[in-house]
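Here is the structure we will look at.
Numbering (UniProt numbering), first residue to last: 1 to 498.
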């Protein structure tokens with residue numbers, strides 16, 4: 001047996017191992033996409049894509065080990081293709097080094113090694129060029145082989161394109177981290193008092209210390225530190241101190257752990273880890289309102305006041321639709337389930353394609369920060385893996401979780417202040433016209449009814465306490481993003497009146 005034949009046998013053996021690893025990996029990551037695990041809540045589709053690529057290139061290894069060439073041009077094309085694959089997978093591995101994403105790094109280098117092996121196989125088989133295979137007769141077997149070659153060519157092109165897209169996604173995360181490094185401090189945050197596990201928590205407290213209470217900002221599962229930078233700067237200019245953060249699962253904080261039993265206890269540990277003196281002004285922006293209200297029920301001693309900015313119950317959309325359409329409880333439940341399925345499918349597409357391939361730019365927040373130099377940084381956060389997988393993880397609880405505002409009655413000594421958008425019927429009608437449908441259409445009538453009901457619900461949150469102020473924003477530009485974006489100065493003006 002020649003040295004070349006011995007080498008080829010070794011390559012066949014390792015190719016079978018690679019193929020087995022790819023197959024099992026695809027199965028495991030397929031399971032992980034449904035469970036988010038096994039340890040961290042993270043985008044497992046990235047691993048699934050990488051193991052699929054490994055599986056494909058392992059098949060290519062076996063194909064090359066069996067292949068003969070009828071022309072030098074065919075051999076040359078294989079050399080070019082796998083040389084390009086080596087370069088691209090190396091680039092991909094390098095980008096996964098920067099965040100780093102350990103499993104992405106391991107699998108990308110594994111694929112790189114497989115492609116190096118494929119180049120080595122081609123080098124060892126160069127002697128075939130001295131004895132080119134004769135073209136087969138055009139029988140049935142020949143036709144089948146030609147079809148297989150065409151399909152193989154198409155798959156090769158597709159997988160190169162997929163790798164390029166993965167490079168785009170990995171580079172956005174990596175380059176963003178180099179351009180927009182962490183701004184705050186890090187502490188190890190215990191996930192519960194009964195568990196020794198910790199997660200890294202990123203927060204930023206800024207502004208002069210004084211005897212005035214701090215402002216603490218909380219939002220929904222998709223919004224972190226960067227969203228509040230404009231407000232924090234403006235508060236600092238007004239000699240007020242505030243703290244903003246990336247909750248675990250966002251930004252520079254660690255991923256969420258899949259075995260966290262109590263998100264409430266995690267949040268309590270988060271507040272205690274700030275190392276600041278309370279009581280505080282808690283500001284709940286959008287979905288953050290429910291979280292701080294429940295926290296106030298359990299820890300009233302930490303509250304100087306509560307400020308809701310366009311806050312509402314988690315299922316406000318379903319509540320209003322049920323009332324307008326006069327639905328029964330069963331009809332509302334059916335709608336809730338269909339809405340969950342629809343959004344779950346959307347997030348599946350986002351996390352399965354958009355995030356790994358770096359196609360999330362259209363999903364950037366639809367507001368511009370008050371300070372223009374922060375614009376790219378805020379948008380970058382919405383390109384990252386954590387932002388979207390964490391949203392998907394909390395999707396069910398966001399739609400089906402309890403309405404804390406009707407469940408709990410807080411200490412009435414805590415003032416509740418409400419900053420809310422109040423649009424007139426004329427403003428809604430004008431919006432209908434801009435969106436291309438008649439003011440007399442059923443769609444516009446529904447929008448009018450929805451707006452009226454939403455205003456009532458948001459304003460009613462002030463009545464959950466006997467103290468507090470109500471601020472109504474009726475300008476055309478007023479919406480959820482306005483208060484942390486271009487309208488951050490408006491928000492700060494109201495906060496300073498509390």
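Every residue, glycine too, gets a C-beta built ideally from N, C-alpha and C.
The structure presented is a predicted model; accordingly, all values stated were derived computationally and were not measured.
Here DSSP, grouped into helix, strand and coil, assigns residue 487 to coil. The region 163 to 243 is shown to contain whole alpha helix (DSSP H) runs of 4 or more residues at 229 to 237, in chain order. In terms of Cβ geometry, residue 7 and residue 62 do not form a close pair [threshold 7 angstroms]. Residue 76 is positioned such that its CB atom lies no closer than 7 angstroms to that of residue 118. Residue 483 is not a Cβ neighbour of residue 318, given a cutoff of 7 angstroms. A buried status is given to residue 387, since no fewer than 16 other beta-carbon atoms sit within 10 Å of its beta-carbon. Nearest in C-alpha terms to residue 403, of all of 124, 429 and 461, is 461. One alpha carbon belongs to residue 180, the other to residue 439, and they sit about 45 angstroms apart. Minimum Cα-Cα distance from residue 188 among the listed residues 109, 271, 150 and 156 corresponds to 271.
In summary, residue 146 is exposed, with fewer than 16 beta-carbon neighbours lying within 10 Å of its beta-carbon over all protein chains present. Taking every protein chain shown into account, the CB of residue 349 has fewer than 16 other CB atoms within 10 angstroms, so this residue is exposed. The beta carbon of residue 316 is closer than 8 angstroms to those of 454 and 457 in its chain, skipping five residues each way along the sequence. Annotation for residue 470: the continuous beta strand (DSSP E) segment containing it runs 470 to 473.
Distance between residue 238 and residue 375, taken at the CA atoms: about 22 angstroms. Secondary structure in the region 101 to 161: the alpha helix (DSSP H) runs of 4 residues or longer, each lying completely within the stretch, are 102 to 124 in chain order. In the DSSP assignment, no residue is bridged to residue 80. By the CB criterion at 7 angstroms, residue 358 and residue 168 fall inside the cutoff. DSSP places residue 377 within a helical segment (H, G or I) once states are collapsed to three. Taking every protein chain shown into account, the CB of residue 141 has fewer than 16 other CB atoms within 10 angstroms, so this residue is exposed. The C-beta separation of residue 307 from residue 419 comes to about 7 angstroms, placing the pair in contact by the 8 angstroms criterion. Contact check for residue 214 and residue 301: beta-carbon distance about 15 angstroms, past the 8 angstroms limit, so the pair fails to qualify.
Pairing residue 296 with residue 158 gives a Cβ-Cβ distance that is not under 7 angstroms.
The region 280 to 293 makes contact with the region 219 to 229; the number of CB pairs closer than 8 angstroms reaches 3 or more. With contacts defined by Cβ atoms closer than 7 angstroms, residue 64 and residue 25 do not form a contacting pair. The C-beta distance from residue 252 to residue 182 rounds to 4 angstroms, short enough to fall under 8 angstroms. One Cα belongs to residue 33, the other to residue 23, and the distance between them is close to 16 angstroms. Residue 419 carries a strand assignment under DSSP once its states are collapsed to helix, strand and coil.
When DSSP states are grouped into helix, strand and coil, residue 263 belongs to the helix group. The alpha-carbon of residue 17 is positioned some 27 angstroms away from that of residue 165.
By the beta-carbon neighbour count (other beta carbons within 10 angstroms, threshold 16), residue 209 is exposed. According to DSSP, residue pairing for residue 307 in a beta bridge involves 283 and 417.
In this structure residue 255 is in contact with residue 42, their Cβ atoms being roughly 5 angstroms apart against a cut-off of 8 angstroms. Residue 320 is a Cβ neighbour of residue 450, given a cutoff of 7 angstroms. Around the Cβ of residue 284, a 10 Å sphere holds 16 or more other Cβ atoms; the residue is buried. Rounded to the nearest angstrom, the Cβ distance from residue 178 to residue 95 is 11 angstroms, too far for a contact under 8 angstroms.
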